[in-house]
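**Q**
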Amino acid sequence: MKDSTKINQLHIKLANLATQYRSSLDESPEHFQVLHEYYVVFNELVKLCGEIVALDPDAELPDRHMPKEYIAYWLK
Numbered sequence: 001m002k003d004s005t006k007i008n009q010l011h012i013k014l015a016n017l018a019t020q021y022r023s024s025l026d027e028s029p030e031h032f033q034v035l036h037e038y039y040v041v042f043n044e045l046v047k048l049c050g051e052i053v054a055l056d057p058d059a060e061l062p063d064r065h066m067p068k069e070y071i072a073y074w075l076k
């Protein structure tokens with residue numbers, strides 16, 4: 001599989017997880033599971049790209065739950 005195909009798949013997965021996050025109840029088991037999966041996929045994307053990359057707004061979580069590296073990158 002080409003890296004660009006895998007990168008696109010990871011972006012789509014993050015968007016899907018962000019949608020699940022928005023539809024889950026705060027503090028519910030599903031909420032925490034989605035956050036965990038989101039961080040795993042985000043880290044895989046960063047590793048594959050070799051750097052932090054911009055995400056579509058639909059693929060982002062609220063700032064309080066976005067990976068700290070992502071927030072720090074955009075604040076510099």
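Residue numbers are given in the UniProt record's numbering: position 51 of the sequence shown equals residue 51, and the series is strictly consecutive. The beta-carbon is built from N, C-alpha and C at its ideal position, and this holds for glycine as well. From a predicted model like this one, the values you see are computed outputs, not experimental measurements.
#1: Does serine 28 come out as helix, strand or coil in the three-state DSSP assignment?
#2: Quick one: what does DSSP say alanine 54 is sitting in, helix, strand or coil?
#3: Lysine 6: which of His65, Phe42 and Pro67 sits nearest, CA to CA?
#4: Is it the case that the Cβ atoms of tyrosine 38 and leucine 14 are separated by a distance below 8 Å?
#5: Quick check on leucine 48: buried or exposed, where buried means 16 or more other Cβ atoms within 10 Å of its Cβ?
**A** The short version:
#1: For serine 28, the secondary structure class from DSSP, reduced to helix, strand or coil, is coil.
#2: coil
#3: If we check each option's Cα against that of lysine 6, Phe42 comes out closest.
#4: yes
#5: exposed
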